[in-house]
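Undergrad: Using the working numbering, read the sequence shown as starting at 106 and increasing by one per residue.
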Amino acid sequence: MPFPYRLHSHHTLSAQHLRHALELIITKHQSLRTSLIFHTGNNQQLQQIFDMNNSIRQLFTFIESTYETDEQLNEILHDERRNPHLLNLTQGLVFRCHIIYYRQISSNHLLSHKDLLIFNFHHALFDFPSMEVFLHDLNQAYTTDQLLYDDNTTLRYID
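#1: Among the candidates Y110, T117 and I130, whose CA atom is the shortest distance from the CA of Q251?
#2: Quick one: Cα of F233 to Cα of R186, how far?
#3: Are the region 138-158 and the region 176-191 touching, with three or more C-beta to C-beta distances below 8 angstroms?
#4: Express the C-alpha separation of M157 and Q135 in angstroms, rounding to a whole number.
#5: Can you pull the DSSP bridge partners for Y110?
#6: Tell me, please, whether the region 197-204 touches the region 172-179 by the rule of three or more beta-carbon pairs shorter than 8 angstroms.
#7: Report buried or exposed for F143, applying the criterion of at least 16 other Cβ atoms within 10 angstroms of its Cβ.
#8: Using a Cβ-Cβ distance under 8 angstroms, would R187 count as near chain B?
#9: Where do the N-terminal and C-terminal ends of the alpha helix (DSSP H) with E169 fall, by residue?
#10: From the DSSP output, read off the bridge partner residues of Y247.
#11: Once the 5 residues before and after H227 are set aside, which same chain residues still bring their CB inside 7 angstroms of it?
#12: Could you tell me the distance, in whole angstroms, from the CA atom of L137 to the CA atom of Y207?
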């Protein structure tokens with residue numbers, strides 16, 4: 106379930122700072138570091154929550170790429186929507202951030218208004234109301250470099 110965004114003119118966004126903010130969000134929201142595995146033998150679904158301190162496991166994908174034409178950008182957007190291999194619920198890769206720079210990746214990794222930012226979530230854990238919580242937390246984590254923990258605003262599968 107991809108959500109594409111562009112910045113307003115004359116605004117910039119640091120890719121490194123964004124990545125750190127996303128790590129704070131993943132620390133807060135267990136559903137963004139969870140795998141679901143269905144066992145056919147006993148007809149049960151197993152949920153496993155991964156520890157943020159496990160540096161071996163990749164908990165989300167953060168990629169940067171470029172485009173030069175609208176056709177190239179549309180191909181990237183189509184791939185984000187339709188490629189089933191970008192996310193993997195059984196391995197816990199349920200979230201990705203894709204930064205698409207216009208023409209070239211800036212040397213300081215700052216996004217501008219011609220660049221595109223895509224947040225892509227596995228549909229089993231994310232819906233449109235979840236996006237409001239995610240964007241609120243992203244704004245807080247990006248601007249303050251910290252994130253408040255409140256059980257009422259934590260994303261869970263059971264919700």
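C-beta atoms are modelled at their ideal positions from N, C-alpha and C, and glycine is treated no differently. Owing to the predicted nature of the structure, the values given are computational and were not obtained by experimental measurement.
TA: Taking the structure as given:
#1: I130
#2: 15 angstroms
#3: no
#4: 9 angstroms
#5: L222
#6: no
#7: exposed
#8: In the structure shown, chain B cannot be found, because there is only a single protein chain.
#9: Counting along the chain, E169 falls outside any alpha helix (DSSP H), though it belongs to the beta strand (DSSP E) covering T166 to Y172.
#10: According to DSSP, Y247 bridges with nothing at all.
#11: L192, L194 and V199
#12: 28 angstroms
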